[in-house]
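Here the structure is laid out as structure tokens; the discussion comes afterwards.
Protein chains: 2
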Amino acid sequence: MKIALLGYGTIGSGVAEVLSVNRESIARKAGEEIEIKYVLDLRDFPGDPIQPKIVHQFDVIAEDPEIEAVVEAMGGVEPAYSFAKASLLAGKSFATSNKALVAKCGAELMELARERGLNFLFEASVGGGIPIIRPLNTSLSADVVEEITGILNGTTNYMLSKMSDFGSDFDEVLKEAQQKGYAEADPTADVEGDDAARKIAILTSIVCGEQVNFEEVHKEGITKISAVDIKYAKAIHRVIKLLAQSRRCQDGYCAMVAPVMLPKSHPLYNVDDVFNAVFVHGNVLGDGMFYGSGAGKLPTASAVAADIVEIVKNKGRDVMSGWSSKVHTLSDYRKVERRFFLRTTDSREAVEEAFGNVEYICLPDVPGEMGVLTGVMTEAVYEEKAAALSNILQMIRVE
Amino acid sequence: MKIALLGYGTIGSGVAEVLSVNRESIARKAGEEIEIKYVLDLRDFPGDPIQPKIVHQFDVIAEDPEIEAVVEAMGGVEPAYSFAKASLLAGKSFATSNKALVAKCGAELMELARERGLNFLFEASVGGGIPIIRPLNTSLSADVVEEITGILNGTTNYMLSKMSDFGSDFDEVLKEAQQKGYAEADPTADVEGDDAARKIAILTSIVCGEQVNFEEVHKEGITKISAVDIKYAKAIHRVIKLLAQSRRCQDGYCAMVAPVMLPKSHPLYNVDDVFNAVFVHGNVLGDGMFYGSGAGKLPTASAVAADIVEIVKNKGRDVMSGWSSKVHTLSDYRKVERRFFLRTTDSREAVEEAFGNVEYICLPDVPGEMGVLTGVMTEAVYEEKAAALSNILQMIRVE
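Protein sequence lines correspond, in order, to chains Z and B. Following our numbering, the numbering of the first sequence begins with 13 at its first residue and continues without gaps. Following our numbering, the numbering of the second sequence begins with 13 at its first residue and continues without gaps.
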């Protein structure tokens, strides 16, 4: 099968590398050789063996009937969306690692593919190399998924791990992460939770079968997490992780991205550094977890290349159940029940009047305030009770 | 689609329960309703709603053209094998949770299915509810798998967890596990590693594409693990787990089941109690891990029911790449390089003459012996060097 690659950046060149390094075993599993015929990029790569395949016009690819699949690794909604649509309309299957494209236009593109017996696959768009889209689509099909909670952003997980290991503050760790290339010069999309919100929107869409708009996901980043918060977390034997979480409630799913304190018994407790993981609770499966490299050139390319193998093995047959264009209005995330940790300078009397029985955490080296661990309540009830206190310095959700 | 269930024990009745509880969502994902028409069992179940579907003769099922898939949850090679073969020859797809059947006859039955455009699926045969067969088949298809290491037996993992938590000895914990129903009256298949050997043989077969005979897997159980060994493991910040491991070496794969000491940094370190997990290292993916319930009625039934959904979605089309009947002769497991822990009453001089630089672990409450942690070497070299010592009380492999 002849394919075209859109974009020869980190992921694109990774896909070319994987198809080359594992050419033989991939051909055996796919049932035929996979050959990159074109690589679309604005740049030229003189001296690179890829140069003879470089084209600068998408039309060359769209109009070549030999090309059966197009693989996109450019990122961003445009021109990726136009290229995806044009590819499918020209009868070519499409694989992408682009979460922005999938979160915004996934339903439409899957529909286009389905109508034509083509495939639109996007395993690498969530969790990098971790197999999660396909397992949700084919392995958890007998379950009603009641919860899906992921550590889906490697940058913030790296930063929180370092803050926890060395007691450092946010700004310090951000600088280090930028120096190491783990965080971008403008880290907003990572540290404010946008990236994770897109990913949990995609996972929730698969799970509920309808389009979840990522803008609706409640979102809190890690910019307000301090070294002091981490001290408190340690005192109650927990770690702080930026979780992207979706839970099934009576009227659908509610989703949020926020820092959460996790106990040692939670399968995500030990997911450190740039690793990602997705925890799933199915109504019959019980607890499951998928762990791996959430980013990086070769792990992500491994997932894209596996999509290509699926496309080869499933010519003329759409394999993704995916989701419909019907919008799934997320339920209010404040309906979820859990415990809450807060730091306050209010008196114990005031705290108990508001919350009843609580646990106190007092740190000798953090004078003038105290930590409070509430009982289980919905977030709506928490907000109501918390309004009675006059000075809450911090609130972090607790599992 | 009308199906028949073979066996109405724990797993069989679990499958019926899952198909009933999640009837609606399963029908949506499969594209049609799934109805159990017959249940084959020697027993009758008076008063149980299943009773009208009970049949005692397999022929009723084989001869009914309405039955498109047969689901087996009886265990053991016979009569499961005869029923599987007869079902496939009668044009019916087959799903099973039976590791003994798959390890022994998987290649032949997959071949039969492939020739007829049917499916022979067995997700639940390894790791219970954990999706692992399908991900290896479809998500890791672009990788050359270099290592697959599983905690694949819940009974022994429960026992080792309890030994570690409470410092108890093997016999004591076995008795408790039997009382709780986690270990059978004859625990041999679990504690001697036979169960795990069948499972790692299946996983290795998928990974190498050829038939791996489980009898060839080198096998050591946990019967010789004592409370003292666990003390030493703790002293070097490790846990002892019964690992089923397959590694790629120059001339194929080598596989073993044995207790191994794992460091905190290993993804399997925290897999406790009856949970199972499978660690995979792909040459491009890097590290990945799948975690979940390795046994139990509903988790296992969830995997079987997902196989049924795949069968419905893939009528006339075989989805498993599986493996051929060609036998893959396992490579000598003694070629694998690692560190070794041993307990000895020999002198330090003798130890250093044999192994060169080592680390010593001396436990004040275990007098008259010492623990030794060697450098990295192949197991063949270890055996050669160890032969020079006169009294080795214990050897445990170390990662």
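Here a beta-carbon is modelled for each residue, glycine too, at the ideal position from N, C-alpha and C. This structure is a prediction, so every number in the text was calculated from the model and none was measured.
DSSP three-state assignment for residue i, whether helix, strand or coil
i	result
Z:P275	strand
Z:I23	helix
B:R260	strand
B:C117	helix
B:A154	coil
Z:Q69	coil
B:L401	coil
B:I38	helix
Z:R126	helix
B:V13	Residue 13 of chain B is actually Met in this sequence, not Val. In the structure shown, B:M13 sits in coil (DSSP, three-state: anything other than H, G, I, E or B).
Z:Y194	coil
Z:K104	coil
B:M332	coil
Z:K309	helix
B:K243	helix
Z:V203	helix
Z:F132	strand
B:R250	strand
B:K49	strand
Min CB distance residue i to chain Z below 7 Å
i	result
B:M86	no
B:K246	no
B:M273	no
B:M301	yes
B:S37	yes
B:V321	yes
B:N34	yes
Sheet register partners of residue i (DSSP bridge)
i	result
Z:S180	DSSP lists no partner for Z:S180.
Z:G162	Z:A256, Z:V290
Z:M301	Z:F291, B:Y303
Z:Q63	According to DSSP, which records beta bridges pairwise, Z:Q63 is partnered with nothing at all.
B:Q223	B:V339
B:M389	B:R350
B:K231	B:V269
B:F95	Paired residue(s): none; B:F95 is not in a bridge.
B:T356	B:M382, B:I404
Z:Y372	Z:V384
B:V81	Contrary to the premise, residue 81 of chain B reads as Ala rather than Val in this sequence. In DSSP, B:A81 forms a bridge with B:I15, B:S105.
Buried versus exposed, by CB contacts within 10 Å (16 or more), residue i
i	result
B:K236	exposed
Z:A50	Before going further, note that residue 50 of chain Z is Tyr rather than Ala in the sequence given. It counts as buried.
B:G306	buried
B:Y303	buried
Z:Y170	buried
B:I118	As written in the sequence, residue 118 of chain B is Gly, which differs from the Ile given in the question. B:G118 should be labelled buried.
B:N326	buried
B:S359	exposed
B:P77	exposed
B:G193	exposed
Z:R260	buried
B:P147	buried
Z:R329	exposed
Z:Q191	exposed
Below-7 Å beta-carbon distance, residue i vs any chain D residue
i	result
Z:K111	The chain labelled as chain D is not found among the protein chains of the depicted structure, namely Z and B.
Residue-chain proximity (residue i, chain B), Cβ-Cβ < 7 Å
i	result
Z:G298	yes
Z:A318	yes
Z:V388	no
Z:N110	no
Z:N403	no
Exercise. Which residues, in order along the stretch 279 to 293 of chain B, keep a beta-carbon less than 7 Å from a beta-carbon of chain Z?
Worked result: P279, N282
For this session: Please name the residues in the stretch 303 to 316 of chain B whose beta-carbon is closer than 7 Å to at least one beta-carbon of chain Z, in chain order.
Result: Y303, G304, S305, L310, P311, A313, S314
Problem set entry | chain B contacts made by the stretch 138 to 159 of chain Z, where a contact means CB separation under 8 Å | G141, I142, P143, R146, P147, T150, S151, L152, S153, A154, D155, V156
Exercise. If you measure beta-carbon to beta-carbon, which residues of the stretch 16 to 31 of chain Z are closer than 7 Å to chain B?
Worked result: V30
Exercise. Along the stretch 326 to 338 of chain B, what residues have a CB closer than 8 Å to any CB found in chain Z?
Worked result: R329, S333
For this session: Check distances from the C-beta atoms of the stretch 202 to 226 of chain B to those of chain Z and list, in chain order, the residues that come in under 9 Å.
Result: G221
Exercise. Can you list, in chain order, the residues of the stretch 39 to 53 of chain Z whose Cβ is nearer than 8 Å to any Cβ on chain B?
Worked result: R40, K41, A42
For this session: Would you list, in chain order, the members of the stretch 67 to 87 of chain Z that have their beta-carbon closer than 9 Å to a beta-carbon of chain B?
Result: none
Exercise. In the stretch 162 to 178 of chain Z, which residues sit with their C-beta less than 8 Å from some C-beta in chain B, listed in chain order?
Worked result: none
Problem set entry | Chain-ordered residues of the stretch 123 to 137 of chain Z with a beta carbon less than 9 Å from chain B | E135
Exercise. If contact means a Cβ-Cβ distance below 9 Å, which residues of the stretch 91 to 118 of chain B contact chain Z?
Worked result: none
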